[in-house]
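Novice:
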Amino acid sequence: MSEDPFYDERSSRDSHTVRLAYVRLDERRTPPFMPWLLRGLAALTLIAAITWFALPAPMQRQFPERLPVRLWHQWTGERQPLIDAIVAAFNRSQERYEVIALAVPAVVSDQKLMLAIAGGEPPDVMTQWSPTVGSWAADGLLQPLEDLLSAEDHRVLREDGYPVALKGAQCHGHLYGIPIGMNNFACYFRPDLVRAAGLDPDHFPESLEELVAWGRKLDRVDAQGRLERVGFLPSRLAVFAPLFGGGFKERPDGGITIDNEENRRALTFIGEVYRHYGYERMIQFRASLNSGSLAVEWPFVSGLYPISVDGQWRVEQLANYAPEVEYRTAPLPPPKGGRVNAGFATVNLAFIPVGAKERHGAMAFMRFWSGLQDPAIAGTFNASGGWLPPLRTTVESPDFQAFLKKNPQFRTFITAVDGPDVEPVPPVAYQVFFTSRAWQAEDRVVRGDKSAEQALKDLEAEVERERGRRSRLSRPGSPRSGAINGVAP
Amino acid sequence: MKGTRPSTAQRLLTHAILIILAIPFLLPLIWMLSTSLKEDAQIFPREGQTASPFAIDNLIPSPVAWHNYSDALVEVPFLTYLGNTAVLCVLNVVCAVLSSAVVAYGFARLRFRFREPLFVLLLMTMALPAQVTMIPQFLLFRELGWYGTFLPLIIPSCFGVPLFIFLMRQFFLTIPEEMIESARLEGASEWQVFRQLVLPLSIPVLATCALFQFLGTWNDFVGPLIYLNDPNRYTLAYGLQQFLSEYGGRWSHLMAASAMFIAPVLVLFFLTQRTFIQGIATTGSKG
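Protein sequence lines correspond, in order, to chains V and S. If you're matching positions, the first sequence starts at 1 in this note's numbering and goes up one per residue. If you're matching positions, the second sequence starts at 1 in this note's numbering and goes up one per residue.
1. Check the Cβ-Cβ distances between Glu280(V) and every residue of chain S, and say whether any is below 8 Å.
2. Confirm the yes/no value for this check: CB of Gln80(V), any heavy atom of the ligand GTP, distance under 7 Å.
3. Is there a Cβ from chain B that is less than 8 Å from the Cβ of Ile155(S)?
4. Going along the chain, which residues of its own chain have a beta-carbon closer than 8 Å to the beta-carbon of Pro426(V), five neighbours each way excluded?
5. Could you give the residue range of the alpha helix (DSSP H) that holds Ser308(V)?
6. Is Tyr327(V) close to chain S? Criterion is C-beta to C-beta, closer than 8 Å.
7. Going along the segment 230-243 of chain S in order, which residues come within less than 9 Å of chain V, judged by CB to CB distance?
8. For Gln196(S), which three-state DSSP category applies?
9. Under 8 Å, with one C-beta from each stretch per pair, do the segment 417-431 of chain V and the segment 343-354 of chain V reach the 3-pair mark?
10. What residues of chain V sit near Leu206(S), judged by a beta carbon separation below 8 Å?
11. Grouping DSSP H, G and I as helix and E and B as strand, with all else coil, what is Ala429(V)?
12. In its own chain, which residues sit with a C-beta less than 6 Å from the C-beta of Gly379(V), not counting the 5 before and 5 after it?
13. Please confirm if Val108(V) has its CB atom under 8 Å from at least one CB of chain S.
14. Could you give the residue range of the beta strand (DSSP E) that holds Gly181(V)?
15. Just the chain V side, please: which residues come within less than 8 Å of Ile135(S) by C-beta, in chain order?
16. Under the rule that 16 or more other beta-carbon atoms within 10 Å means buried, what is Asp202(V), buried or exposed?
17. For Val221(V), list the residues DSSP reports as bridge partners.
18. If you measure beta-carbon to beta-carbon, which residues of the segment 141-166 of chain S are closer than 7 Å to chain V?
19. Name the one or two DSSP bridge partners that Pro163(V) has.
20. Give me the Cα-Cα distance between Ala138(V) and Pro205(V), rounded to the nearest whole angstrom.
21. By the three-class DSSP mapping on this structure, what secondary structure does Arg70(V) have?
22. Measuring alpha carbon to alpha carbon, tell me which residue in Arg465(V), Tyr188(V), Asp219(V) is nearest Pro333(V).
23. Measure the C-alpha to C-alpha separation of Gly145(S) and Ser99(S) and round it to an integer number of angstroms.
24. Whether or not the segment 70-83 of chain V and the segment 100-110 of chain V are in contact is what I'm after, with contact meaning three or more pairs of Cβ atoms, one per stretch, closer than 8 Å; do they touch?
25. From Ala72(S) to Leu254(S), what does the alpha carbon distance come to, in whole angstroms?
26. What does DSSP give as the partner residues of Pro353(V) in its beta bridges?
27. Distance, Cα to Cα, Gly187(S) vs Ile165(S)?
28. Evaluate the contact criterion for the segment 56-63 of chain S versus the segment 189-206 of chain S: three or more CB pairs, one atom per stretch, below 8 Å.
29. When the cut-off is 8 Å and only beta carbons count, does Tyr519(V) lie next to chain S?
30. Within the 8 Å Cβ cut-off, does Met182(V) reach chain S?
31. I'd like the list of long-range same chain contacts for Ile117(V), defined as Cβ closer than 7 Å, with 5 residues on each side in sequence excluded.
32. Which residues of the segment 76-94 of chain V have a Cβ closer than 9 Å to any Cβ of chain S? Give them in chain order.
33. If you draw a straight line from the alpha carbon of Leu26(S) to that of Thr35(S), how long is it in whole angstroms?
34. Within a Cβ cutoff of 7 Å, which residues of the same chain sit near Thr85(S), ignoring the five residues on either side of it in sequence?
35. Run down chain S in chain order and give the residues with a C-beta less than 7 Å from the C-beta of Met59(V).
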């Protein structure tokens, strides 16, 4: 240390920082600014160059000579290969277009799409399984598809398609999406637990009242009175309301039927089941469960809900993740005096956003996937994904029949979806708003915060306010207004 | 004030209390590690098992499924995502810290017209929600032909980050003016003062900003979502979402990938925590 020529000078000063300053300034040998800047820039460039070249090359197109058709879909994870297979089959089937697929996580796909449309870089085809077509069409995000379909396509959709598929794709007289699948609901039940409760699984209840009685026999409570198992717990008003003769339908004036006697009875029925168990006790029980969208965490699998009302996708999940679970499916029975064969379904749609560059290629791919081009090929896709096809001829195709033979419980859903009284969420301009508020209204009832009457009354008022707001923001008569033929709310 | 060294009993008590308080924060991490070593069928309690997923018998994997880690690496191109993320992190950290330091020095030590109003204007940009600037930024980058590349995820960092500029300015103001004046009297240029005096004294705040930027880039989900359309360019935060499908998904693989995802961040934090905490304390940004 003592050999350091600056040592004495530095040690004589109190501040370490001042020492530093003097040492650094004494050491200066280079002109002050440019060399340092150049060295910094060179270092940055080097880092950037090394890292840039270390990166993988961008994905190469398989058929660069063809017209690109960009597809954004929401089947991520283990489901993504199913879509890749459809895309590969389409690309093999013709020589004009190349579909380039991109999986976008469902929770953020809307955000990506909106920004891409605003920025002028939308995909040519986008899929969506949530009921949004009404809102998106009203907001001018989607292109009507009539001019891209042949007369034969229209006929097939009308005559061969399940009615709900077309209802879910149309908005204000225009077709905005091509149905590629559907989702509906039925009862899943556990015969092993049913038998253990002294019930006969071969004679499933034929009325909601009987179903509730079955559920009570399957309940299990621990020594402290806490619920360990709930036999049957209804949820989703949209699913139950049609059985009571109600449901959410678009009125001629553009509104939705919400606060009526049938819907009140349906929501009261749901609320009463929760009241029977005690709202607090029920909240605690539900809080101890997982959200259940994935098979492994679905409380039905763990036996905590021995009778569950859920969608057809569970059949595939159970086969893949819980093959050891013995289960059956049955149509959701109506209440005594209720309506048989009525129900609710959502529709998976493929659509063309505004600003898409390759409309014809997009439609060619949508025709291929949906079965409009060849129902047998679509049958193969639907069988591989465990999807509910939108066309009857697809259901009849050999591959799909083989799928049904292997998964007989799926037939319940095919039967349940085929009827004139199966309704989607009405594709009105405020569809997304309505869907979220309807969930909240039901949640308040099952928590005991509101009566069914009050919840529906408030929901209708809220929805009407939103309809009025949209109407004021738009030109009279446009789809955005939520009014038809100029009848504003 | 005279400090007294705490007794062993006091220290044990302090540690015991801290450990108890840390348990709620550790449980999700423990669950993640536990799940990453289970088969899918073991993850959630089945009929007859203790209902709580945090019960000890549910947390201990048996058998231990080490293969989840190798499977996760195969299921999605984890190493590609890691490489992309590392590139973005390095470039963003270097660009953000250097550019912010230059701007902060100007605000702290140079006198020029409208300095204070400009600084207030800069602070106001921090209050702008990202959603407000998202579309104009998107349009700008698209016009520049950068859509689908890494550039929109890097270049903004080269123009200073308002939060870092604020933190650094506050730190630079604590350096005695006399010291800087004396350096100037010795003939140092402004650039030399900045580089040879101020920057070496500001390591804690620079490290803090670097760590913030690293974490921000490492965890950034929205940026890659908006600007990247090529799976070969995905980052870890975005790529991990690929493990999940809406009605499917392998929790065991997702948790294994998540454990690998957070490991570098944890290591980095433990290595830099002393500097980080010092930086936080000296810039007055606690709480």
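No residue lacks a Cβ here, since even glycine has one placed at the ideal position from N, Cα and C.
Specialist: Working from what's here:
1. no
2. With respect to the ligand GTP, the structure shown offers nothing to examine, as it has no ligands at all.
3. Among the protein chains in the structure shown, which are V and S, there is no chain B.
4. Gly134, Phe248, Lys249, Glu250, Ile256, Phe434
5. Taken as a continuous stretch (DSSP letters only), Ser308(V) belongs to no alpha helix (DSSP H), being part of the beta strand (DSSP E) at 307-311.
6. no
7. Asp230, Pro231, Asn232, Arg233, Tyr238, Gln241, Gln242, Phe243
8. Under the three-state reduction of DSSP output, Gln196(S) falls in the helix class.
9. yes
10. Per Cβ cutoff of 8 Å: no residues; Leu206(S) is ~15 Å from chain V at best.
11. coil
12. Thr394, Ser397, Asp399, Phe400
13. yes
14. 178-189
15. Leu115, Ala118, Gly119
16. exposed
17. Leu227(V)
18. When C-beta distances to chain V are compared with 7 Å, the residues of the segment 141-166 of chain S below that value are Arg142, Tyr147, in chain order.
19. In DSSP, Pro163(V) forms no bridge with anything.
20. A direct Cα-to-Cα measurement between Ala138(V) and Pro205(V) gives close to 42 Å.
21. strand
22. Tyr188(V)
23. 24 Å
24. yes
25. 7 Å
26. Leu142(V)
27. 27 Å
28. no
29. No information on residue 519(V) is available, as it lies outside the stretch 1 to 489 that chain V covers here.
30. no
31. Leu141, Pro353, Val354, Gly355
32. Those would be Thr76, Gly77, Glu78, Arg79, Gln80, in chain order.
33. 14 Å
34. So the list reads Trp218, Thr235, Leu236, once near-sequence residues are dropped.
35. Asp230, Pro231, Asn232
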